[in-house]
Amino acid sequence: MKNILVTGGAGFIGSNFVIYMLDKYPDYNIIVYDKLTYAGNLDNLLEVSDEPRYRFVKGDICDATAVADAIKKYAVDTIVNFAAETHVDRSIMDPDAFVKTSVYGAYVLLEAARELGLERVHQISTDEVYGHIPAGYSSVETDPLVPRSPYAASKASADLMVNAYFVTYGLPVTMTRGSNNIGPYQYPEKVVPLFATNALDGEPLPVYGDGRQMREYQYVIDHCEAIDLVLHRGKLGEAYNIGTGEEMENLTMVEILLQALDKSPDLIRHVADRPGHDRRYSLDISKIRALGWQPRHTAEEAIIKTAHWYKDNEWWWRKIKSGEFKAYYQAQYGKRLAESG
Ligand code: NAD
Ligand code: DAU
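Sequence positions in the sequence shown follow the numbering used here and run 17 to 357.
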């Protein structure tokens with residue numbers, strides 16, 4: 017492993033992974049291949065922009081010719097695929113791009129890797145592929161995939177295709193299924209950066225339904241360390257859950273966030289719930305722990321650290337929130353907030 021194509025590397029987790037890998041492995045070259053959708057942002061990669069071992073290629077993973085060209089040009093031996101449409105609420109509004117990128121795009125990458133004989137394809141997946149998990153149970157990697165949103169279904173489809181390329185063609189693949197990441201450079205449509213930036217501006221925090229849904233909020237660099245471990249020590253053909261084992265209700269997350277920013281709970285507004293909202297995810301993380309990984313941050317530490325990053329980095333999020341985001345926010349929250357009184 018020497019020349020890694022990080023697809024979706026200009027997004028939230030991808031950019032954190034690129035920065036982490038360039039720092040940790042002085043002999044690796046990282047080529048970011050990204051379409052720069054609304055969620056892709058070269059500001060995320062500013063801190064490595066002068067690094068000669070980093071290259072950026074603007075491209076769509078659905079474009080087989082452009083993918084093959086990038087692989088050949090940079091002698092790529094490994095693909096780590098972060099590229100996806102990633103917001104559940106947007107997948108409910110318009111699923112089209114989700115299917116194109118996560119299903120067809122993942123297939124294009126797998127096919128390129130097969131034809132060009134790459135050493136590895138690592139697929140970044142999600143705990144949402146297991147669907148809603150009843151109390152008292154935690155998902156293991158061999159559980160059936162029961163996705164319930166268009167986003168989750170698109171991700172589960174990619175997982176199935178990755179597995180099919182391993183079984184059918186012997187393509188060297190691995191997968192990781194992560195829980196909710198938080199940290200620097202997360203587009204402020206996701207709950208923690210949305211609520212942190214709204215709170216900083218004294219705007220309401222639209223909590224869906226009763227706010228008692230359970231998530232495992234993990235710090236993004238902990239997730240990146242686990243991906244790195246699976247890339248180097250994971251068993252081919254296998255999936256690994258990456259979470260904290262620490263579940264938290266959304267309302268608890270909001271309380272911690274507001275306290276970290278010294279803002280009032282009066283900002284909380286309960287609004288109409290997300291259709292088909294999965295109430296609980298819970299990952300059994302014994303398999304990744306057995307490889308020698310454990311999270312470095314508790315959920316509470318991750319939330320506080322993230323809240324402080326948004327407080328200290330207005331340069332990054334203010335321009336996002338003043339652009340395309342405004343129309344999205346109005347479509348997603350205008351009626352809900354008006355109806356919440
Ligand atoms: P993100 O939305 O911040 O970034 C996605 C990136 O993919 C963007 O840079 C975008 O421009 C790029 N992209 C989208 N379509 C593309 C295409 N067709 N071709 C090339 N690039 C394209 O997403 P994220 O939150 O960083 O998530 C990254 C990956 O991790 C996704 O696969 C997601 O499903 C998975 N994941 C996310 C979380 C989370 O909590 N955010 C948790 C588990 C798994
Ligand atoms: O679990 C991993 C997944 O986490 C990733 O695969 C997805 O890419 C990522 O977007 C995230 O999905 P969620 O739907 O869990 O994240 P989101 O930040 O959208 O919502 C987290 C919780 O907060 C969820 O229960 C819905 C709730 N929520 C969200 C928003 C945006 C609100 O109550 N209000 C909101 O405005």
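In this text, a Cβ means the ideal position worked out from N, Cα and C, and glycines have one as well. Because the structure is a prediction, the values reported are computed rather than measured.
Annotation for S141: the continuous beta strand (DSSP E) segment containing it runs 136-142. DSSP places D175 inside the alpha helix (DSSP H), whose first and last residues are 166-185. A distance below 6 angstroms between beta-carbons, with the five flanking residues on each side excluded, links E101 to the following residues of its chain, in chain order: A113, F114, T117. At a cut-off of 8 angstroms, the beta-carbon of Q346 does not count as near the ligand DAU: no heavy atom of the ligand is closer than that. In the structure shown, P209 adopts helical secondary structure according to DSSP, grouped into three states. Here the C-alpha atom of N45 lies approximately 13 angstroms from the C-alpha atom of S65. DSSP places M37 in the uninterrupted alpha helix (DSSP H) bounded by 28-40.
Taking K40 as reference, the option from D282, I237, Q348 with the minimal CA-CA separation is I237.
The continuous stretches of alpha helix (DSSP H) do not include K74, which lies in the beta strand (DSSP E) extending over residues 70-74.
Taking the Cβ of S155 as the reference point, every heavy atom of the ligand NAD lies at 8 angstroms or farther away.
Non-local beta-carbon contacts of M17 in its own chain, meaning distances under 8 angstroms to residues more than five positions away in sequence, involve Y44, D93, T94, E135, R136, L247, H248 in chain order. Straight through space, the alpha carbons of V34 and V22 are spaced by roughly 8 angstroms.
Taking the CA atoms as reference points, E340 sits about 31 angstroms from M37. Taking 8 angstroms as the cut-off, one finds at least one heavy atom of the ligand DAU near enough to the beta carbon of S195.
Within the region 237-297, the complete alpha helix (DSSP H) runs of at least 4 residues fall at 266-276. An exposed status is given to R228, since fewer than 16 other beta-carbon atoms sit within 10 Å of its beta-carbon.
In terms of Cα proximity to Y235, the closest of P111, T184, G259 is G259. The alpha-carbon separation between T158 and E127 amounts to approximately 25 angstroms. Remark: the shortest separation between the CB of F72 and any heavy atom of the ligand NAD does not fall under 8 angstroms. Within a 10 Å sphere around the beta-carbon of Y181 sit 16 or more other beta-carbons, which makes this residue buried.
DSSP lists T142, I258 as the beta-bridge partner residues of G194.
Annotation for K88 indicates a beta carbon at 8 angstroms or more from all heavy atoms of the ligand NAD. Given a length threshold of 3 residues, each whole run of the beta strand (DSSP E) inside the region 73-110 is given here in chain order: 94-97.
The beta carbon of A129 sits closer than 7 angstroms to the beta carbons of I95, V137, L187 from its chain, once the five residues preceding and following it are set aside; these are given in chain order. Under the DSSP assignment, T23 falls in the beta strand (DSSP E) whose first and last residues are 19-23.
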